[in-house]
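Undergrad:
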Amino acid sequence: MDRTFQHDTNAGTALTRRPQWQALLRHAQGTGDRSLRELFAADPHRGERLAAEAAGLYLDYSKQRVGDDTLRLLRELADACGLRARIDAMFAGEPINATEGRAALHVALRAPPGERIEVDGHDVVPDVHAVLTRMAAFADQVRDGRWVGHTGQRIRTVVNIGIGGSDLGPTMAYEALRHYSQRDLAFRFVSNVDPADFLEATRDLDPAQTLFIVCSKTFTTQETLANAHAARAWCLAALHDEAAVARHFVAVSTNADGVRAFGIDPGNMFGFWDWVGGRYSMDSAIGLSTMIAIGPARFREMLAGFHAMDVHFRDAPFDRNLPVLMGLLGIWNNNFLGAATVAVLPYAQYLGRFPAYLQQLAMESNGKHVTLDGRRVEVHTGPIHWGEPGTNGQHSFYQLLHQGTRLVPCDFIGFCQPLDPGNAQHDLLMANLFAQGEALAFGKSAQQVRAEGTAEALVPHRVFEGNRPSSTILADRLTPHSLGALVALYEHSVFVQGAIWNIDSFDQWGVELGKQLAKTTEAELATAAPQLQHDSSTNALIRHYRERRGP
Ligand code: F6P
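Per the working numbering, the very first residue in the sequence shown carries number 5; after that it's consecutive.
1) Please classify Tyr-549: is it buried, with 16 or more other beta-carbons within 10 angstroms of its beta-carbon, or exposed?
2) Going by C-alpha to C-alpha distance, which of Phe-191, Leu-209, Thr-224 and Glu-179 sits closest to Lys-523?
3) Drop a sphere of 10 angstroms on the beta-carbon of Arg-90, count the other beta-carbons inside from all chains shown, and report buried for 16 or more, exposed for fewer.
4) Give the straight-line distance between the Cα atoms of Thr-175 and Ala-260, rounded to the nearest whole angstrom.
5) Since Ala-212 and Gln-145 are thought to touch, with beta carbons under 8 Å apart, how far apart are those beta carbons, to the nearest angstrom?
6) Is any heavy atom of the ligand F6P found at a distance shorter than 7 Å from the C-beta of Ile-167?
7) Mapping the DSSP letters down to three states, classify Leu-109 as helix, strand or coil.
8) Between Arg-50 and the rest of its own chain, which residues show a CB-CB distance below 6 Å, the 5 nearest in sequence each way excluded?
9) The ligand F6P and Lys-448: does the residue's C-beta get closer than 7 Å to at least one heavy atom of that ligand?
10) Have a look at Ala-200 and Phe-191 and give me their C-alpha separation to the nearest angstrom.
11) Under 8 Å by Cβ, that's how I've got Leu-113 and Ala-297 pegged, so tell me the actual separation to the nearest angstrom.
12) Any idea what DSSP makes of Ala-248, helix, strand or coil?
13) Count the other C-beta atoms from every protein chain shown that fall within 10 angstroms of the C-beta of Gly-519, then say buried if there are 16 or more, exposed otherwise.
14) Can you tell me which of Pro-23, Thr-214, Ala-250 and Phe-276 puts its alpha carbon nearest to the alpha carbon of Phe-266?
15) Taking the C-alpha atoms as reference points, what is the distance between Gly-331 and Phe-499?
16) So, with DSSP's three-state summary, where would you put Ser-486?
17) Taking Thr-258 and Phe-276 to be in contact with their CB atoms under 8 Å, please state how far apart those CB atoms are, rounded to whole angstroms.
18) Over the uninterrupted alpha helix (DSSP H) stretch that includes Leu-355, give me the two end residues.
19) What is the C-beta distance between Pro-484 and Gly-309, in whole angstroms, given that I count them as a contact (C-beta under 8 Å)?
20) When DSSP labels each residue in this structure, what does Phe-276 get in the three-state scheme?
21) Going by the beta-carbon positions, is the gap between Leu-411 and Leu-341 smaller than 8 Å?
22) Just confirm the distance between the C-beta atoms of Val-135 and Ile-165, as a whole number of angstroms; I'd bet it's less than 8 Å.
23) Is the region 284 to 292 touching the region 104 to 113, taking contact as three or more C-beta pairs under 8 Å?
24) Rank Glu-495, Tyr-184 and Pro-422 by C-alpha distance to the C-alpha of Pro-300 and give the top, closest one.
25) Using the C-alpha atoms, what's the distance from Cys-219 back to Leu-209?
26) Any heavy atom of the ligand F6P inside 7 Å of the beta-carbon of Lys-221?
27) How big is the Cα-Cα spacing for Arg-7 and Asp-124?
28) Quick check on the DSSP output: what are the complete beta strand (DSSP E) runs of length 3 or more inside the region 467 to 525, in order along the chain?
29) Does any heavy atom of the ligand F6P sit closer than 7 Å to the C-beta of Glu-368?
30) Examine the Cβ distances between the region 476 to 496 and the region 55 to 71 and report whether three or more of them are shorter than 8 Å.
31) Closer than 8 Å by C-beta to Gln-421: which residues in its own chain qualify, once you throw out the five before and the five after it? Chain order, please.
32) Report whether the distance from the Cβ of Gln-512 to the nearest heavy atom of the ligand F6P is below 7 Å.
33) Just grab the DSSP bridge partners of Ser-257 for me.
34) Relative to the C-alpha of Gln-512, which candidate in Val-280, Gln-535, Asn-370 and Thr-214 has its C-alpha closest?
35) State buried or exposed for Glu-368, treating a residue as buried only when at least 16 other CB atoms are found within 10 Å of its CB.
36) The ligand F6P heavy atoms versus the CB of Arg-553: any closer than 7 Å?
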């Protein structure tokens, strides 16, 4: 069948020629000097009014530099860009990943049994649940010790080998949900082709008690295959029997032939589908390590959190729709206020890998320079996402957030209850989160600084200009459900932005050139061939490396 995505919006119209875009430009010029102080002074209820709640998440966007007029114009832009049709197309399994001719149907991974979602006329929901059932049976066996290694010993450590979406989701989710994990099982994650990663992850492990999960959608990824081969050699060096592979290796992939060729029995493979993008796969079988860590019931709670946000995104009107609001605010900050980055600041140590996870989600999705029809985009697309958990960042880069010359919109993420009930230190953590948003928005004027008795020469140094936008996302507790809802919130807000820019948020051609060049270069490093065909810089670097690398 023709897998070309068709939608009935006027996608060919250049974004910047749309009257709605022009109206936003005029609006940005006209309201440029309207500060957050003024916006709050003009509306005593702004803090409650510019907030919305769904799937257990509370989003306060009142500290964004927008008025009701801005929000209306942004929604008009979304309408003009056909956002509603795009959302419907995604949920309907249409091939919205146009350059690869595929659906982007991660929402089907968390659809409850009985819901019907079709790809090319085939209902995929029963397939999803069949894999979840197999995963649950396997996870239970590992958790309760029925799955033993080749010598009959219990598995004590699970090592996930994968990279990109086959690593960041599992790593982030394990860290985030560690509180719920089975503590007599350890989890390690190996991604980097740097051999140090594998060496350090395994140096204190007993192969007889170690299970490797090799995660790769394609099962062709250089780094993952190199690490999987290293793992196989490490395992067999100790266990001396090829048959051990069957007890110590399982695979998660869409490529059964590749898995078989590696030597893993496809009976020990958990599958997924080409309509799941790598960076949208943590809730597929790629989440097997998460399921082993927290158990099948809690994994299903996480899926329910994802699903609750999916339903909200699909059904809620745009003015109360969290992913739509977040996506449009991102467009405003990026394209109309000129902010090139977004700082993601979770006030939760368990969310330490969440910014890295979002980097792939947002930047691999929306780091694109052409529109769906192949024309150069005229505006900046995906902003750079970065961040660290609070309060650590406060003692390093927040200086720039408060007093630097660049505008850096911030997403603060926090939880109302600690996972360790009654721990008063949690109030201290949250006090810091609230203080940062307030300080960024309202700053401290020269007048206030002087009133504190500051010497005149120091006044300019101690002024906080304020007017720096942020959003705050609160959930009651960090649970599998709230994590699922949070990830889905970001997935869909990234999608909203891609729809406005009219780009393909689901391909990643930009990673290919480096992969190709690395292959050629690897061969050159192996052979000491005198003829190097690169530019003079790369040739000189390779020669320098060859001379110095040692035996
Ligand atoms: O190189 C980028 C990428 O394709 C990501 O999109 C993906 O998550 C990662 O590599 C890993 O791919 P795979 O799961 O096929 O090994």
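Heads up, the beta-carbon is just placed ideally off N, CA and C, and yes, glycines get one too.
TA: Short version:
1) In the sequence shown, residue 549 corresponds to position 545, counting from 1. Result: exposed.
2) What you label residue 523 is simply residue 519 of the sequence shown in a count that begins at 1. Measuring from the Cα of Lys-523, the nearest candidate turns out to be Thr-224.
3) Numbered from its first residue, the sequence shown carries residue 90 at position 86. It counts as buried.
4) Translated into positions along the sequence shown, residue 175 becomes position 171. Translated into positions along the sequence shown, residue 260 becomes position 256. If you take the alpha carbons of Thr-175 and Ala-260, they lie about 24 Å apart.
5) For the purposes of this step, residue 212 is identified with residue 208 of the sequence shown, where counting begins at 1. For the purposes of this step, residue 145 is identified with residue 141 of the sequence shown, where counting begins at 1. Actually they do not touch by this definition, with Cβ atoms about 17 Å apart.
6) Here the question's residue 167 lines up with position 163 in the sequence shown. Ile-167 Cβ: within cutoff of the ligand F6P.
7) Within the sequence shown, residue 109 is the residue found at index 105, counting from 1. If DSSP states are grouped into helix, strand and coil, Leu-109 belongs with coil.
8) As a first step, residue 50 must be located in the sequence shown, where it is residue number 46. Contacts found: Phe-44 and Ser-66.
9) If you number the sequence shown from 1, residue 448 lands on position 444. Outside the cutoff, so no.
10) Locating residue 200 in the sequence shown gives position 196, where the first residue counts as 1. Locating residue 191 in the sequence shown gives position 187, where the first residue counts as 1. The straight-line gap from Cα to Cα measures roughly 17 Å.
11) What you label residue 113 is simply residue 109 of the sequence shown in a count that begins at 1. What you label residue 297 is simply residue 293 of the sequence shown in a count that begins at 1. Rounded, the Cβ-Cβ distance is 18 Å, inconsistent with contact.
12) The residue you call residue 248 lines up with position 244 of the sequence shown. Helix.
13) Locating residue 519 in the sequence shown gives position 515, where the first residue counts as 1. Correcting the residue type first, residue 519 is Lys in the shown sequence and not Gly. Burial call: exposed.
14) Within the sequence shown, the letter at position 262 stands for residue 266. Of the listed residues, the one whose Cα sits closest to Phe-266 is Ala-250.
15) Taking the first residue of the sequence shown as 1, we reach residue 331 at position 327. Taking the first residue of the sequence shown as 1, we reach residue 499 at position 495. Rounded to the nearest angstrom, the two C-alpha atoms are 8 Å apart.
16) Position 482 of the sequence shown, counted from the start, is the residue given in the question as residue 486. Looking at Ser-486 - three-state DSSP - the assignment turns out to be helix.
17) Locating residue 258 in the sequence shown gives position 254, where the first residue counts as 1. Locating residue 276 in the sequence shown gives position 272, where the first residue counts as 1. Confirmed, Cβ separation roughly 6 Å.
18) Position 351 of the sequence shown, counting from 1, holds the residue named residue 355. Run containing Leu-355: none; DSSP gives neither H nor E here.
19) Residue mapping note: residue 484 aligns to position 480 of the sequence shown, counting from 1. Residue mapping note: residue 309 aligns to position 305 of the sequence shown, counting from 1. Indeed they touch by this definition, with Cβ atoms about 7 Å apart.
20) For the purposes of this step, residue 276 is taken as the residue at position 272 of the sequence shown. In the structure shown, Phe-276 sits in coil (DSSP, three-state: anything other than H, G, I, E or B).
21) Indexing the sequence shown from 1 puts residue 411 at position 407. Indexing the sequence shown from 1 puts residue 341 at position 337. Yes, the Cβ-Cβ distance between Leu-411 and Leu-341 is below 8 Å.
22) Counted from its first residue, the sequence shown places residue 135 at position 131. Counted from its first residue, the sequence shown places residue 165 at position 161. Incorrect: roughly 20 Å between the Cβ atoms, too far for contact.
23) yes
24) As a working note, residue 300 is residue 296 in the sequence shown. Checking every option, the nearest Cα to that of Pro-300 belongs to Tyr-184.
25) Taking the sequence shown and counting its residues from 1, one reaches residue 209 at position 205. Taking the sequence shown and counting its residues from 1, one reaches residue 219 at position 215. Taking the straight line joining both Cα atoms gives about 20 Å.
26) Taking the first residue of the sequence shown as 1, we reach residue 221 at position 217. Correct: Lys-221 has its Cβ closer than 7 Å to the ligand F6P.
27) What you label residue 7 is simply residue 3 of the sequence shown in a count that begins at 1. What you label residue 124 is simply residue 120 of the sequence shown in a count that begins at 1. The pLDDT assigned to Arg-7 is 48, lower than 50, so where the model puts this residue is not dependable; a value taken from the coordinates is nonetheless given after this. Cα to Cα, Arg-7 sits roughly 9 Å from Asp-124.
28) 474 to 479
29) Sequence index remark: in the sequence shown, residue 368 carries index 364 (1-based). Yes.
30) yes
31) For the purposes of this step, residue 421 is taken as the residue at position 417 of the sequence shown. Only His-430, Asp-480 and Arg-481 meet the Cβ criterion.
32) One-based indexing of the sequence shown puts residue 512 at position 508. Within the cutoff, so yes.
33) On the sequence shown, residue 257 is found 253 positions in, with the first residue counted as 1. Gly-275.
34) Translated into positions along the sequence shown, residue 512 becomes position 508. Here the closest residue by C-alpha is Asn-370.
35) Locating residue 368 in the sequence shown gives position 364, counting from the first residue. Label assigned to Glu-368: buried.
36) Your numbering for residue 553 matches position 549 in the sequence shown. No.
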